[in-house]
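A.B. asks: Residue numbers (my numbering): 163 to 328.
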Amino acid sequence: MSAILRRIGLTAAFVVSVCLAGGHAVEAQSGEPAHDVELAAAMRVLEASLKKARELDTKMNIAILDDGGNLKVFVRMDGAFLGSADIAMKKAKTSRLFNGPSDALAGLSQPGGPLFGIEASNGGLITFAGGLPLMNSSGEVIGAIGVSGSSVENDLAVAQAGVDVF
Numbered sequence: 163m164s165a166i167l168r169r170i171g172l173t174a175a176f177v178v179s180v181c182l183a184g185g186h187a188v189e190a191q192s193g194e195p196a197h198d199v200e201l202a203a204a205m206r207v208l209e210a211s212l213k214k215a216r217e218l219d220t221k222m223n224i225a226i227l228d229d230g231g232n233l234k235v236f237v238r239m240d241g242a243f244l245g246s247a248d249i250a251m252k253k254a255k256t257s258r259l260f261n262g263p264s265d266a267l268a269g270l271s272q273p274g275g276p277l278f279g280i281e282a283s284n285g286g287l288i289t290f291a292g293g294l295p296l297m298n299s300s301g302e303v304i305g306a307i308g309v310s311g312s313s314v315e316n317d318l319a320v321a322q323a324g325v326d327v328f
């Protein structure tokens with residue numbers, strides 16, 4: 163058990179050091195546009211989103227995905243709805259898979275719409291606001307953020323705060 167606790171402590175120290183280290187969010191070390199979300203950039207996005215959630219006095223679930231749609235960073239704030247964890251991840255996934263805001267599919271996925279039922283594809287999608295793409299300096303989508311836990315407007319504001327620092 164103590165080995166596990168030491169490892170958790172080392173991981174927490176590493177995460178804190180990455181947060182403090184800074185660095186470029188959207189360019190690789192070579193000066194070329196990044197092709198994936200680096201951990202340091204994901205942590206800055208997370209911190210900005212958490213700050214906005216606190217300003218709005220709301221409890222959020224925040225998911226940040228990499229270029230492949232894999233979970234890079236996730237946090238559930240104390241007191242955030244348990245059910246919103248999955249929603250945050252699916253908003254980010256929807257944004258990454260379709261290279262745009264999660265709510266871009268909303269009108270198309272309504273009954274009678276050309277994409278009706280799309281929410282059931284890809285292991286589940288969410289077609290309302292709160293998922294936004296993360297783009298590199300060339301405008302290529304290289305990841306996404308998804309936020310859930312409050313009103314749709316607050317979810318979007320918290321996600322946008324993260325995008326703004328990316």
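Think of the CB as a built atom: it goes at the ideal place given N, C-alpha and C, for glycine as much as any other residue.
What's the C-alpha gap between I304 and R206?
C.D. replies: I304 and R206: Cα-Cα distance of roughly 15 Å.
A.B. asks: Find the nearest neighbour of D326 within the set E281, V237, A306 and M222, judged by alpha-carbon distance.
C.D. replies: The option with the nearest alpha carbon to D326 is A306.
A.B. asks: Alpha carbon to alpha carbon, what distance is there between E209 and E302?
C.D. replies: Taking the straight line from one Cα to the other gives about 23 Å.
A.B. asks: Have a look at T220, P195, G269 and F236 and flag the residue whose alpha-carbon is nearest the alpha-carbon of I288.
C.D. replies: I288 has its Cα closest to that of G269, out of T220, P195, G269 and F236.
A.B. asks: Alpha carbons only, please: which of K214, V199 and K255 is nearest the one belonging to G285?
C.D. replies: Of the candidates K214, V199 and K255, the one whose C-alpha sits nearest the C-alpha of G285 is K255.
A.B. asks: For F243, does the three-state DSSP call read helix, strand or coil?
C.D. replies: Note: F243 maps to coil in three-state DSSP.
A.B. asks: If distances are taken between C-alpha atoms only, which option among D265, R216 and D198 comes closest to L233?
C.D. replies: Looking at the Cα atoms, D198 is the closest of the given residues.
A.B. asks: Counting along the chain, where does the beta strand (DSSP E) carrying M297 start and finish?
C.D. replies: Counting along the chain, the beta strand (DSSP E) containing M297 begins and ends at G293 to M297.
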